[in-house]
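Read through the structure below, which is laid out as structure tokens, and then see the notes.
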Amino acid sequence: MDSAGYWIYTFHLGGEPMERMLCRLEELPFNGFLEAENSLTGYLPVSLTDTAVEQELKAIVANFSCAWERELLPDQNWNEQWEAAFQPVQVGNFVGVRAEFHPSFVGVTYELLIHPRMAFGTGHHATTYLMMERMGELEWTGKSVFDFGCGTGILAILAQKLGAGMTDAVDIEPPATENTLVNMAVNQVADIAVYTGDLSAVPRRKYQVILANINRNVILASLGALYERTEAGGDLLVSGILRQDQTLVEAEAILQGWKKVGQREREGWLMLHYQRPL
């Protein structure tokens, strides 16, 4: 078997059960997910698919009692599959995100391009939408920014387009940081320092804005460390949180000293806006 390929898992369910299942699946080493109305597709590297992963996956599927199938995707066919599935994201007249093969947006202030590569984040268009929507309401000129779990790097790139100053971005997946560098070039943005690894891979400095569009478990584990990385009066925008997990996340945020100043919801997903008190 080609260890460089991917297992494409397709799970047939929709609505809130799909979102709950996705939260469980994100604990496994999937490279990313794509959501449709009544199905969820996950891309799992063959090289990371061992017996323990398969057993946990079967347990998750059994818990949700959904139909599913998988097929082997050779590595060289990745972009073709991704291009066929990726859909643009548009936030009103503020910003649109598309791949180069999509037609240009009409009437948006900012247009950002994603070059399809192996890493594409979670594919939660609702969370990307919420983060960008809130970003359009904030002042960015000269502010230091940290994109924690950057995926495609699109949020860091948008921050730069909005006038941000020093910007750092990190992702634990090497294909993600490689993709961020590609997308920086496509969008003609140069002033982002990109790191591969966890939070410890990033120089210890404080930021005026931190962006974290990841998942509940990483957010819960990182709220304290991100607080220490935020300047007094600075902002933290987090998404990748389902409505039913809000109480859990907010309790941890209060424990770590954060002050909540806003939230948004879309398709069952939340964006929570916190500040570090002065």
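Mind the numbering: the sequence shown is residues 388 to 665 in our numbering, read in order. The beta carbon of each residue, even a glycine, is placed where N, CA and C say it ideally should be.
Residue state for Glu637 is assigned as helix, using DSSP reduced to three classes. Exclusion of the five residues before and after Trp656 leaves Glu406, His511, Ala513, Thr514, Leu517, Ser626, Gly627, Ile628, Leu629, Arg630 as the residues of its chain whose Cβ lies within less than 8 Å of its Cβ. Annotated three-state conformation of Leu624 is strand, per DSSP. Three or more beta-carbon pairs separated by less than 8 Å link the stretch 603–623 to the stretch 636–645, which places the two stretches in contact. Annotated three-state conformation of Phe488 is coil, per DSSP. Assigned with DSSP and collapsed to three states, Glu618 falls in strand.
Counting every other CB atom within 10 Å of its CB across the protein chains shown gives Phe535 a total of 16 or more, marking it as buried. With contacts defined as CB atoms closer than 8 Å, Val495 and Gly523 fail to qualify as a contacting pair.
For Gln442, the uninterrupted alpha helix (DSSP H) segment begins and ends at 438–451. Checking the DSSP bridge columns, you'll see Asp534 partnered with Ala556, Leu598. The continuous beta strand (DSSP E) containing Ala454 extends over residues 454–460.
Under the 10 Å beta carbon count, Gly584 is surrounded by fewer than 16 other beta carbons and is classified as exposed. Shown here, His660 sits in a strand according to DSSP, grouped into three states. Inter-segment contact for the stretch 565–576 and the stretch 593–601 is absent: fewer than three beta-carbon pairs are separated by less than 8 Å.
One thing to note: Leu427 has its Cβ no nearer than 8 Å to the Cβ of Phe417. In the DSSP assignment, Glu406 falls within the alpha helix (DSSP H) that extends over 402–412.
For Gln650, the uninterrupted beta strand (DSSP E) segment begins and ends at 646–653. In the three-state reduction of the DSSP assignment, Val476 falls in the strand class, which pools E and B.
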